[in-house]
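Trainee:
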Amino acid sequence: NLSGTFFCVEEECETSLTLHYRSTRKGFTQFVKGTEEQRHRMPQQKTAPGYEKLPMKRGIFFDMFPFSVIFRRDMTMYRIGDGLKEVFSDLQGKKVNEEFTLVRPMLEFSWDNVTCQFAKIICILLLSCYRCLSFLPSPCPCSIETVEDMIKMGVYVNDLNLHDSSRELILAGTQQSAELQLALDQVKESSESFILMLQEIIKKLDEEKKRGDSLLYAMIPKAVADRLRKGITVFPDVTILFSDVVKFNEICIHITPMQVVDMLNEIYIVFDTLSEKHNVYKVETIRDAYMVVAGVPNKTTFHAHHICDMALDMLSSIDHLKDPSTGDNIQIRVGIHSGMVVAGVVGLKMPRYCLFGDTVNTASRMESNGERGKIFVKVNDN
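See below:
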């Protein structure tokens, strides 16, 4: 239901007037201004001279306006129409502003406000001989929209005003409502089948998503995958450790390939156990090189502590492993550095979680330039 606009003349003089426009609808202000400016440019129609109001008998008046109300200055209802009396039989003698709400214009329902609004859409006649006002309404369109509403309120078609389109609107609205209901029923049937099909598609998508997640978690740890989905790729504070076997190339010359594999397998089993113990993440292993990081993918303020503990345990646990070529203890060297890194997945067929940045390069150089059986750590100049 659209609410009508309201115009009120606030000030008036011989050459101009101030028109107050009010509406609950937005965006019509400039349209109203343009309409009023154009209307004032058009020739004005003047009232024909000698025009006189035609008298009307009281019975004819109330037959024409069965929902009319006559009320006095104190807002007491003096006389109500027959149509209104059938619906509300005990209205006469009560305050009109207590029983009814003034919808248009949007003013307080009082004698002074009503008497100054004769030229507005509100239908009021001043009965000076009785010192009363006659209100000529029609049933409110916001309360009666269909024939069913009329039946509930006890209103008949002949009770509606003859001088407006109330009858046509209600009857047309009933026909349109039936057609609209039929269309809504058809849309509802088609929408239900569509919803079922959509639910089936969503179910299959969820199954495919779970299957993809299981494959992804098989290649990349769940914590890493979840952080990549959230867009977390930069880690400002991490500590990286690199280690390798001293004289690894010389050892490989004097042993068989299977002995190399067994030796590296023994080393990596020990280091993997230590990585779980110290809460660090193994990034990759390349030949004899072993790379771990703390602070990625799970951030922690104790990343340096975890890596240092890991490095000390690596040196102490490697003593019982023997060089297959000589029988001597295997020796390693370790390099550590802290800083910022960028994380990301590289590759399509065999994706790998990699770290990039100067911190990685510095930690690798610390390891390659370190001494056997020792941990090489860069001292921060700051």
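Counted from 1, the sequence shown has number 145 at position 145 by the UniProt record's numbering; the numbering is strictly sequential. Beta carbons: idealized from backbone N, C-alpha and C, even for Gly. All values reported here derive from a predicted model rather than from experimental measurement.
Alpha carbons only, please: which of R41, K152, R25 is nearest the one belonging to E86?
Mentor: As a first step, residue 86 must be located in the sequence shown, where it is residue number 86. Of the listed residues, the one whose Cα sits closest to E86 is K152.
Trainee: May I ask which residues mark the beginning and end of the alpha helix (DSSP H) holding F248?
Mentor: Locating residue 248 in the sequence shown gives position 248, where the first residue counts as 1. F248 -> alpha helix (DSSP H) spans 248-253.
Trainee: In this structure, how does DSSP classify R211 when only helix, strand and coil are distinguished?
Mentor: The sequence position of residue 211 within the sequence shown is 211, counting from 1. If DSSP states are grouped into helix, strand and coil, R211 belongs with the helices.
Trainee: Can you give the Cα-Cα distance for V96 and S190, rounded to whole angstroms?
Mentor: Taking the sequence shown and counting its residues from 1, one reaches residue 96 at position 96. Taking the sequence shown and counting its residues from 1, one reaches residue 190 at position 190. V96 and S190: Cα-Cα distance of roughly 50 Å.
Trainee: Within a Cβ cutoff of 7 Å, which residues of the same chain sit near V360, ignoring the five residues on either side of it in sequence?
Mentor: Locating residue 360 in the sequence shown gives position 360, where the first residue counts as 1. If we look at V360 and ignore the five residues flanking it on each side, its Cβ neighbours are I240, V341.
Trainee: May I ask you to report which of helix, strand or coil DSSP gives D185?
Mentor: What you label residue 185 is simply residue 185 of the sequence shown in a count that begins at 1. Of the three classes helix, strand and coil, the one that applies to D185 here is helix, per DSSP.
Trainee: With a threshold of 16 other CB atoms inside 10 Å of the CB of P66, please say whether the residue is buried or exposed.
Mentor: Start at 1 with the first residue of the sequence shown, and residue 66 comes out as number 66. Classification of P66: buried, given that the 10 Å Cβ count is 16 or more.
Trainee: Across which residues does DSSP place C354 in a beta bridge pair?
Mentor: Position 354 of the sequence shown, counting from 1, holds the residue named residue 354. DSSP lists G344 as partners of C354.
Trainee: Between the alpha carbons of D272 and V292, how many angstroms are there, rounded?
Mentor: Mapped onto the sequence shown, residue 272 falls at position 272. Mapped onto the sequence shown, residue 292 falls at position 292. Their Cα atoms are separated by approximately 10 Å.
Trainee: Expressed to the nearest angstrom, what Euclidean distance is found between the alpha-carbon atoms of M75 and F61?
Mentor: The residue labelled residue 75 in the question sits at position 75 within the sequence shown. The residue labelled residue 61 in the question sits at position 61 within the sequence shown. When rounded, the distance between both Cα atoms is 21 Å.
Trainee: Is it true that the CB of A289 sits closer than 8 Å to the CB of S338?
Mentor: Translated into positions along the sequence shown, residue 338 becomes position 338. Translated into positions along the sequence shown, residue 289 becomes position 289. No, these two residues do not count as a Cβ contact at 8 Å.
Trainee: Report the residue from F28, A311, C8, S368 whose alpha carbon sits nearest the alpha carbon of L19.
Mentor: Along the sequence shown, one-based indexing puts residue 19 at 19. Among F28, A311, C8, S368, the Cα nearest to that of L19 belongs to C8.
Trainee: Along the chain, which unbroken stretches of the beta strand (DSSP E) at least 3 residues long are found entirely within the region 18-105?
Mentor: Counting only runs of 3 or more, we get 69-72, 77-80.
Trainee: Report the residue ranges of all beta strand (DSSP E) runs contained in full by the region 270-309; include only those spanning at least 3 residues, in chain order.
Mentor: Here the runs fully enclosed are 281-286, 289-294.
Trainee: Under 8 Å by Cβ, that's how I've got A363 and I336 pegged, so tell me the actual separation to the nearest angstrom.
Mentor: Sequence index remark: in the sequence shown, residue 363 carries index 363 (1-based). Sequence index remark: in the sequence shown, residue 336 carries index 336 (1-based). Confirmed, about 6 Å.
Trainee: Quick one: grab the DSSP three-state call for R372.
Mentor: Locating residue 372 in the sequence shown gives position 372, where the first residue counts as 1. Of the three classes helix, strand and coil, the one that applies to R372 here is coil, per DSSP.
Trainee: Can you tell me whether DSSP reads E192 as helix, strand or coil?
Mentor: Position 192 of the sequence shown, counted from the first residue, corresponds to residue 192. Of the three classes helix, strand and coil, the one that applies to E192 here is helix, per DSSP.
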